[in-house]
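In my numbering, the protein residues as written are 7 to 467. Note that beta-carbon positions come from the ideal geometry of N, C-alpha and C, so glycine has one too.
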Ligand code: ARG
């Protein structure tokens, strides 16, 4: 069945039919399409195109179609152009002639916008739920090792000691921002397009706010041409998905390193790792590598739609049908990756002694020392020089920070007071960083509490 054809003498070539169809992927919009069409029937009833009886008849048929759609046989052999066409054909088969009125004053251009908006809204809520679960897993893992000390890095070089929970809460913050980004994307999708017609506005006086209310939309779109031309709301979703994947990928990268022999901090559960078909000793972090790998495909989806939309003349162009596969692909990869990351985090174990030893063996305390000198009155530039010289001398002699006694420090430079020797232990210097947002133990304890409160707030929304 076609939704057009009167002005054609010949049907589409078989090649073009295969080339142009979108049913093979936009079938995922069926629930949205039927929900939108049911609401549209109520709008048609309000403008007296459908009688109450006809509307009830159509609605009942839609319910049956929706139930049937759950079975895989439903789409078998269907050659409809797209999901909108298929739903109308099924309606005709079920409800008969009355179905011929369903598309009055409606265009597929606004319908596809509506369906996609409904789908994106639901997908955003799913992504947010998965983000919340991952954030909860990070907080739980932080709470399991509240006092664990690790070297923090810049340039992949040991920089300053931080608490393990402080490190994990950094990712918590990133995912919390992703959550907000999805909320913003939701607000963009949450605008109801029906009534726009193909591009010029519908010729029937639909009560657009009533349709919006019916479908739970916050507002109605303001310009019919914009509706037919716009896929920004899909781009917003893809951007939020991409940023989430970026954060997942960085976490994955960290943990691939931290769980390897060179670091040895983390033990990943057997359940999220794989062996080698040849090397019996291997335990590979494939789950994390796949998260990192899928990240590229989600960025690809964002880029793909950007390029599809760039330079399209007003308003709808069939190119825009190419929005759906990247959207679905990105949503699927994101959901799978968020879930995988949660399981990795839930089952990971830290070997706290290993990063603690890495911190103690390095000069992550150098900044603490320079700052202590500055607090005692040495100008910071001179303090920096002194601490740097101490590091250089230690490296020459093969000494670790803890090898220095208070007396030796004072002999090295009189500015080192006896109290400063204590700072040679990484966990001591951290206590000077109780500033809000810092890695001081109390600040981190407070941050963990706030993270838990934030989780509770996200969950109760
Ligand atoms: N399958 C199309 C899409 O996804 C439906 C939109 C309307 N099609 C049309 N030829 N005006 O974009």
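The Cβ-Cβ distance between residue 424 and residue 416 falls below 8 Å. Taking all protein chains in view, the Cβ of residue 122 is crowded by 16 or more other Cβ atoms within 10 Å, so the residue is classified as buried. Judged by beta-carbon spacing, residue 230 lies within the 8 Å limit of residue 206, meaning their Cβ atoms are closer than that value. Beta-carbon to beta-carbon, residue 181 and residue 244 are separated by about 17 Å, too far to satisfy the 8 Å threshold. Every alpha helix (DSSP H) of 4 residues or more that sits fully in the segment 83-117 is shown, in chain order, as 89-101.
CA-to-CA, the gap between residue 187 and residue 11 works out to about 43 Å.
The three-state secondary structure of residue 7, taken from DSSP, is coil.
In the displayed model, residue 280 falls within a strand according to three-state DSSP.
If you check the CB distance, residue 461 and residue 138 come in under 8 Å. Taking the C-beta atoms as reference points, residue 108 is found nearer than 8 Å to residue 97. Where residue 361 is concerned, the enclosing alpha helix (DSSP H) starts and stops at 359-367.
The set of residues with a C-beta under 6 Å from any non-hydrogen atom of the ligand ARG comprises 28, 32, 88, 114, 115, 118, 322, 324, 326, 327, given in chain order. Residue 90 places its beta carbon less than 8 Å from that of residue 117.
Around the beta carbon of residue 441, fewer than 16 other beta carbons sit within 10 angstroms, so the residue counts as exposed.
Scanning 255, 308, 223, 321 for the CA closest to the CA of residue 292 turns up 255.
Secondary structure of residue 341 (DSSP, three-state): helix. By alpha-carbon distance to residue 111, the top candidate from 49, 317, 384, 20 is 49. For residue 174, the closest alpha carbon among the candidates 208, 72, 142, 41 is that of 142.
The alpha carbon of residue 445 has as its nearest neighbour, out of 171, 133, 15, the alpha carbon of 171. C-alpha of residue 78 to C-alpha of residue 35: approximately 15 Å in a straight line. Rounded to whole angstroms, the separation of the alpha carbons of residue 164 and residue 158 is 6 Å. In this chain, the alpha helix (DSSP H) harbouring residue 313 covers 292-315. If one requires a minimum length of 4 residues, the alpha helix (DSSP H) runs lying completely within the segment 379-454 are 386-403, 412-418, 432-436, in chain order.
In its chain, beyond the 5 residues on either side, 191, 194 have a beta carbon closer than 6 Å to the beta carbon of residue 242. Of all C-beta pairs linking the segment 360-370 to the segment 326-334, fewer than three are shorter than 8 Å, placing the two stretches out of contact. Taking all protein chains in view, the Cβ of residue 225 is surrounded by fewer than 16 other Cβ atoms within 10 Å, so the residue is classified as exposed. DSSP, read as helix, strand or coil, puts residue 228 in coil. Counting C-beta atoms within 10 angstroms of its own C-beta, residue 453 has 16 or more neighbours from the protein chains shown and is therefore classed as buried.
Segment contact: the segment 370-385 against the segment 199-214, fewer than three CB-CB distances shorter than 8 Å; contact not assigned. Boundaries of the beta strand (DSSP E) around residue 158: 155-160. Taken through DSSP and simplified to helix, strand or coil, residue 180 comes out as helix.
Here residue 274 carries a coil assignment [DSSP, helix/strand/coil]. Nearest to residue 74 by C-alpha distance, out of 381, 52, 100, is 100. Scanning its chain for C-beta atoms nearer than 6 Å, with the 5 sequence neighbours on each side dropped, one finds around residue 239 the residues 194, 195, in chain order. Around the beta carbon of residue 166, 16 or more other beta carbons lie within 10 angstroms, which makes this residue buried. Setting aside the 5 residues that flank it on each side, residue 300 is surrounded in the same chain by 339, 343, each with a C-beta closer than 6 Å to its C-beta; the list follows chain order.
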